[in-house]
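Here the structure comes first, spelled out in structure tokens, and everything after it is commentary.
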Amino acid sequence: MNISVVGTGYVGLVTGVSLSEIGHTVTCIDIDEVKVEKMKKGISPIYEPGLNDMMKQNIERDRLFFTTSHKTGFKDADVIYIAVGTPENTEGAADLTYVMQAAKDIAVNVTKDAVVATKSTVPVGTNDKIRQTINRHLKNDVKIDVVSNPEFLREGSAIYDSFNGDRIVIGTDSEEAANIMEEINKPFGVPVYKTDIRSAEMIKYASNAFLATKISFINEIANICELVDANVDQVAAGVGMDQRIGNQFLKAGIGYGGSCFPKDTKALIKIAGNVDYHFELLKGVVHVNTKQQALLVEKLNERFSSLEGKRVAVLGLAFKPNTDDMREAASLIVTEKLIEQGANVVGYDPIAADNARRLLSEKMHYADSVEEAIKDSDIVLILTEWDEIRNVDLNVFHTMNMPLIFDGRNCFDLQGMKAQGIEYHSVGRPPVLRNEDVLLAD
102 MNISVVGTGY
112 VGLVTGVSLS
122 EIGHTVTCID
132 IDEVKVEKMK
142 KGISPIYEPG
152 LNDMMKQNIE
162 RDRLFFTTSH
172 KTGFKDADVI
182 YIAVGTPENT
192 EGAADLTYVM
202 QAAKDIAVNV
212 TKDAVVATKS
222 TVPVGTNDKI
232 RQTINRHLKN
242 DVKIDVVSNP
252 EFLREGSAIY
262 DSFNGDRIVI
272 GTDSEEAANI
282 MEEINKPFGV
292 PVYKTDIRSA
302 EMIKYASNAF
312 LATKISFINE
322 IANICELVDA
332 NVDQVAAGVG
342 MDQRIGNQFL
352 KAGIGYGGSC
362 FPKDTKALIK
372 IAGNVDYHFE
382 LLKGVVHVNT
392 KQQALLVEKL
402 NERFSSLEGK
412 RVAVLGLAFK
422 PNTDDMREAA
432 SLIVTEKLIE
442 QGANVVGYDP
452 IAADNARRLL
462 SEKMHYADSV
472 EEAIKDSDIV
482 LILTEWDEIR
492 NVDLNVFHTM
502 NMPLIFDGRN
512 CFDLQGMKAQ
522 GIEYHSVGRP
532 PVLRNEDVLL
542 AD
């Protein structure tokens with residue numbers, strides 16, 4: 102089929118490239134001319150494993166195209182995906198400015214019957230507004246069906262998720278549109294779940310809110326574990342063996358970040374508030390996560406009387422591994438607090454350093470390798486569990502002034518740290534000290 106995708110962020114670009122990979126002819130539309138010219142050459146504007154190669158292959162096969170023109174992009178389109186951003190506004194709700202502009206652009210430029218499928222995460226009732234907006238601004242006598250088709254992609258494994266998802270949700274009141282969407286997605290071999298349009302919108306928010314809840318829950322358990330001398334890794338493993346609970350998203354650490362969980366949890370609280378329902382549980386989830394992101398700084402302040410003049414190496418700046426996304430990353434909070442307390446902070450990230458330079462303090466320094474960051478440091482903080490960091494030779498920590506690690510992602514085995522004589526503080530696990538005596542603050 103002929104498909105158009107409006108927006109080439111993480112969701113739009115991955116969606117368009119994946120659809121071209123399964124045989125559809127896809128035109129991606131973006132108003133950024135510089136970005137479009139790069140994509141025409143097969144250069145992805147985002148880091149996502151496997152995406153660049155798949156882009157180039159399908160451009161060469163004449164199945165993937167990029168344009169800034171809505172008129173060109175919508176020509177002959179059977180299905181038009183809306184995949185523009187829905188950033189958080191000042192009240193915590195989703196800002197639908199770009200979504201509604203996309204709806205108007207479709208209405209003005211579409212010349213044949215088409216299905217409009219919304220990939221963007223939008224509040225319940227938004228697709229009804231999209232349909233109304235399109236019908237109000239239509240320039241030609243065409244029929245437009247609207248479908249809610251939420252995405253469930255994880256940054257860093259989005260290509261994999263496209264071809265190995267748990268389900269594809271199709272929400273619409275049109276049986277014909279539902280069948281078209283099912284036919285488009287059939288080559289993925291992923292189960293399809295059809296529902297009404299508002300339920301589809303809610304499924305997306307409910308899914309992300311539940312996963313965020315699991316993360317905040319295990320982090321609260323981790324904090325209790327530290328107080329009662331238990332090990333959260335063992336607790337999580339035992340809990341996760343219960344099939345009613347499952348072992349996913351039970352990894353203790355310094356909280357979630359990124360473009361989805363922080364924004365979607367706040368948006369769902371706002372959606373509930375708009376109908377006079379107070380979502381107390383989810384408010385607690387957000388509060389716990391905000392507190393958790395600053396946990397390592399609190400641990401440092403307990404360990405040291407002052408951070409003034411200390412060289413602190415921060416390993417990992419992106420909000421998670423295998424992405425260059427800095428949105429809601431713990432490094433934004435942690436590095437700011439460290440610099441405020443007079444620390445000399447050097448950061449390292451294998452992919453996100455360029456984005457970090459645009460967002461973090463001008464007082465930050467950057468290293469070109471894990472080893473360079475660690476050498477001659479007084480303290481090492483681990484904020485992102487990149488494989489490069491998890492697999493580092495532990496001997497490198499002995500190039501510090503004194504081997505001392507505060508690990509926000511529980512990357513290392515406690516016994517391994519003890520054997521190496523490294524002082525090691527993690528999340529929800531007993532600290533490893535260099536001797537049995539209680540260490541005094543330096």
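Position one of the sequence shown corresponds to residue 102 (our numbering), numbered consecutively onward.
Every residue gets a Cβ at the ideal spot worked out from N, C-alpha and C, and that includes glycine.
- Assignment of beta strand (DSSP E) within the stretch 350-432, counting only whole runs of 3 or more residues, yields 412-416 in chain order.
- Per DSSP, the unbroken alpha helix (DSSP H) holding Asn280 starts and ends at 276-286.
- The bridge partners DSSP lists for Tyr182 are Val106, Ala218.
- Of the residues assessed, His388 falls on the exposed side of the cut-off, its CB having fewer than 16 other CB atoms within 10 angstroms.
- The straight-line gap separating the alpha-carbon atoms of Gly117 and Val216 is approximately 16 Å.
- Note: Tyr467 is bridge-paired with Gly448 in the DSSP secondary-structure output.
- For Gly272, the enclosing beta strand (DSSP E) begins and ends at 269-272.
- Of all C-beta pairs linking the stretch 515-531 to the stretch 434-449, fewer than three are shorter than 8 Å, placing the two stretches out of contact.
- DSSP, reduced to helix, strand and coil, places Glu256 outside both helices and strands of the structure shown, so it counts as coil.
- Under the Cβ criterion (8 Å, minimum of three pairs), the stretch 310-319 does not count as touching the stretch 271-286.
- Of all alpha-carbon atoms in His125, Gln202, Arg345, Ser258, the one lying nearest the alpha-carbon of His171 is that of Gln202.
- Taking 8 Å as the cut-off, the Cβ atoms of Ile130 and Val112 do not count as close.
- The alpha carbon of Leu416 has as its nearest neighbour, out of Met303, Ile322, Ile147, Leu433, the alpha carbon of Leu433.
- Contact holds between the stretch 245-255 and the stretch 210-226, because three or more Cβ pairs, one in each stretch, are under 8 Å apart.
- Distance between Glu161 and Thr198, taken at the CA atoms: about 34 Å.
- DSSP places Thr128 in the strand class (E or B) of the three-state scheme.
- Nearest Cα to Arg268 within the set Ala279, Phe289, Leu120: Phe289.
- Selection Met140, Ile523, Ala331 evaluated against Asp508 yields Ile523 as nearest (Cα-Cα).
- Listed in chain order, the alpha helix (DSSP H) elements of length 4 or more contained wholly in the stretch 481-514 are 488-491.
- Taking a cut-off of 8 Å on C-beta distances, the stretch 250-270 does not touch the stretch 229-241, as fewer than three cross pairs fall below it.
- Look at Thr234 here: in three-state DSSP terms it is helix.
- Within the same chain, Cβ atoms closer than 7 Å to the Cβ of Lys476 are found at Thr500, the five residues on either side in sequence being excluded.
- In the structure shown, the three-state DSSP call for Glu189 is strand.
- With fewer than 16 other Cβ atoms from the protein chains shown falling within 10 Å of its own Cβ, Ser462 counts as exposed.
- Here DSSP, grouped into helix, strand and coil, assigns Glu524 to strand.
- Residue state for Tyr306 is assigned as helix, using DSSP reduced to three classes.
- Using a Cβ distance threshold of 8 Å, Ala204 and Pro224 do not count as a contacting pair.
- Going by C-alpha positions, Arg428 is about 15 Å away from Asp450.
- Distance from the CA atom of Lys230 to the CA atom of Phe405, rounded to whole angstroms, is 55 Å.
- Residue nearest to Asn511 within the set Lys220, Glu134, Lys352, Pro188 is Lys352 (criterion: CA-CA distance).
- DSSP, read as helix, strand or coil, puts Val137 in helix.
- Taking a contact to require three or more Cβ pairs closer than 8 Å, the stretch 139-159 and the stretch 179-192 do not qualify as touching.
- For Tyr148, there is no enclosing beta strand (DSSP E), as DSSP gives it neither H nor E.
- Separation of Ser121 and Leu114 (C-alpha to C-alpha, rounded to the nearest whole angstrom) is 11 Å.
- Each residue's CA atom was taken as its position, placing Ile304 and Glu327 some 35 Å apart.
- For Ser249, the three-state secondary structure derived from DSSP is strand.
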